[in-house]
Amino acid sequence: AQSVTQPDARVTVSEGASLQLRCKYSYSATPYLFWYVQYPRQGLQLLLKYYSGDPVVQGVNSFEAEFSKSNSSFHLQKASVHWSDSAVYFCALSKNSNNRIFFGDGTQLVVKP
Amino acid sequence: GPKVLQIPSHQIIDMGQMVTLNCDPVSNHLYFYWYKQILGQQMEFLVNFYNGKVMEKSKLFKDQFSVERPDGSYFTLKIQPTALEDSAVYFCASSGLGGGAETLYFGSGTRLTVL
């Protein structure tokens with residue numbers, strides 16, 4: 006079976022600080038991994054995705070994530086957050102064969118001015 | 003970027019009634035999905051749909067649920083009859099292809115409240 010775990014339900018950081026949102030996955034093979042962001046009253050938007058190659062993936066708005074097979078992790082990072090980054094972030098995986106996506110519970114990011 | 007539109011954004015109905023949730027997917031996309039998110043809980047897969055057929059459905063996709071996309075119009079999720087536990091936000095998504103690496107584009111969701 007496959008699953009995604011986001012251990013932090015809520016993360017609060019100050020504007021300009023660095024950020025890491027954690028994600029652990031469980032899957033027997035190497036999955037496709039995604040980070041989505043959901044702003045209030047909007048749908049999910051893709052930040053970045055990984056399926057092979059360089060384990061560090063660059064995404065939109067200066068976000069990046071690092072895939073670690075040994076740790077079964079795909080943590081999201083940003084060097085300096087802005088207040089507009091406040092949103093809910095979802096880590097997700099899909100299997101090789103189809104795009105039925107399994108989501109984590111989400112992490113609410115609050116950026117304080 | 004590509005947009006998926008969901009109509010309506012909110013729907014309140016009485017238990018036992020029928021409800022249809024509408025989704026206008028990205029133009030030229032071929033794969034369509036519904037996800038369900040109960041407040042404070044995980045977003046969970048309901049169903050995916052391609053070429054006029056349900057390709058895969060989860061255990062949450064009860065017999066009271068049905069999906070269709072007649073003649074390239076809205077992709078719809080119908081619940082008949084509704085139950086209290088159907089209260090949730092329903093997200094529609096679409097993608098161009100069906101592979102595991104394909105990006106899904108999501109709508110803003112329809113908040114369904116069953117009284």
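Chains A and B are the protein sequences, given in the same order.
Position one of the first sequence corresponds to residue 6 (our numbering), numbered consecutively onward.
Position one of the second sequence corresponds to residue 3 (our numbering), numbered consecutively onward.
We put the beta carbon where it would ideally sit given N, CA and C, even for glycine.
In this text the structure is predicted, and so the values were computed from the model without any measurement.
- With contacts defined by Cβ atoms closer than 9 angstroms, ASN30 (chain B) and PRO10 (chain B) do not form a contacting pair.
- At a cut-off of 9 angstroms, the C-beta of TYR30 (chain A) has no neighbouring C-beta in chain B.
- Taking the beta carbon of GLY109 (chain B) as reference, the chain A residues within 7 angstroms of it are GLY48, listed in sequence order.
- The beta-carbon separation of VAL116 (chain B) and THR84 (chain B), rounded to 5 angstroms, stays under the 8 angstroms limit for a contact.
- Contact annotation for ASN50 (chain B) against chain A: ARG105 [CB-CB distance below 7 angstroms, chain order].
- Scanning its chain for C-beta atoms nearer than 8 angstroms, with the 5 sequence neighbours on each side dropped, one finds around ALA97 (chain A) the residues VAL9, LEU38, PHE39, TRP40, TYR41, ILE106, PHE107, PHE108 and GLY109, in chain order.
- With fewer than 16 other Cβ atoms from the protein chains shown falling within 10 Å of its own Cβ, ALA6 (chain A) counts as exposed.
- Only those residues of the segment 48 to 69 of chain A whose C-beta falls short of 8 angstroms from the nearest C-beta of chain B are listed: GLY48, LEU49, GLN50, LEU51, LYS54 and TYR56.
- For PRO27 (chain B), the number of other beta carbons within 10 angstroms of its own is at least 16, and it is reported as buried.
- Taking 8 angstroms as the upper bound for CB-CB distance, GLN25 (chain A) and LEU81 (chain A) are in contact here, some 7 angstroms apart.
- Note that the C-beta distance between GLN8 (chain B) and GLY109 (chain B) is below 9 angstroms.
- Contact between the segment 46 to 54 of chain B and the segment 51 to 69 of chain A is absent: fewer than 3 CB-CB pairs across the two stretches fall below 8 angstroms.
- The beta carbon of PRO72 (chain B) sits closer than 7 angstroms to none of the beta carbons in its chain outside the five residues before and after it.
- The C-beta distance from VAL116 (chain A) to TRP88 (chain A) rounds to 5 angstroms, short enough to fall under 8 angstroms.
- Contacts with chain B at 9 angstroms (Cβ-Cβ) include ASP110 (chain A).
- Under the three-state reduction of DSSP, ASP16 (chain B) is assigned to coil, being neither helix nor strand.
- Using a 10 angstroms sphere on the CB of PRO36 (chain A), the tally of other CB atoms reaches 16 or more, which defines it as buried.
- One finds GLY48 in chain A with Cβ atoms closer than 8 angstroms to the Cβ of VAL6 (chain B), taken in chain order.
- Around PHE72 (chain A), no beta-carbon contact reaches into chain B at under 7 angstroms, the shortest distance being about 13 angstroms.
- With a threshold of 9 angstroms between beta carbons, TYR41 (chain A) makes contact with chain B.
- Excluding sequence positions up to five before and after PHE72 (chain A), its CB lies within less than 6 angstroms of the CB of TYR55, PRO60 and PHE79, all in the same chain and listed in chain order.
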